[in-house]
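Report on the structure given below.
Numbering (the numbering used here), first residue to last: 263 to 340.
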């Protein structure tokens, strides 16, 4: 079983990093923290990490990606 998350923090879109020892995703830009299921647990991220559908087809892992909307906090719109 596989789970795929967006690499982009839901705060301002910086790329998050997986810290295996801590079992956390960390955003280096503003200190956002997500747990191992993508839930935002600390810092400024307003939403969990978006998940992408994953399937295994003929021995290949396929991830269906789509653009992830980033909120413009100055304007208050997506």
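Glycine included, each C-beta is placed from N, C-alpha and C at the ideal position.
Let's test the definition: count the other Cβ atoms within 10 Å of the Cβ of residue 327 and tell me whether it reaches 16, buried, or not, exposed.
Residue 327 comes out exposed.
Between residue 298 and residue 290, what straight-line distance do the alpha-carbon atoms span, to the nearest angstrom?
So the two alpha carbons sit approximately 17 Å from each other.
Taking only the alpha-carbon atoms, compute the straight-line gap between residue 292 and residue 311 and give it to the nearest angstrom.
Computed Cα separation, rounded: 15 Å.
Please list the terminal residues of the continuous beta strand (DSSP E) segment that includes residue 264.
Unbroken run through residue 264: none, as it is neither H nor E.
Using the Cβ count rule (16 or more neighbours within 10 Å means buried), how would you classify residue 307?
Buried, because 16 or more other Cβ atoms sit within 10 Å of the Cβ of residue 307.
Can you tell me whether residue 264 is buried or exposed? The criterion is at least 16 other CB atoms within 10 Å of its CB, across all chains shown.
It counts as exposed.
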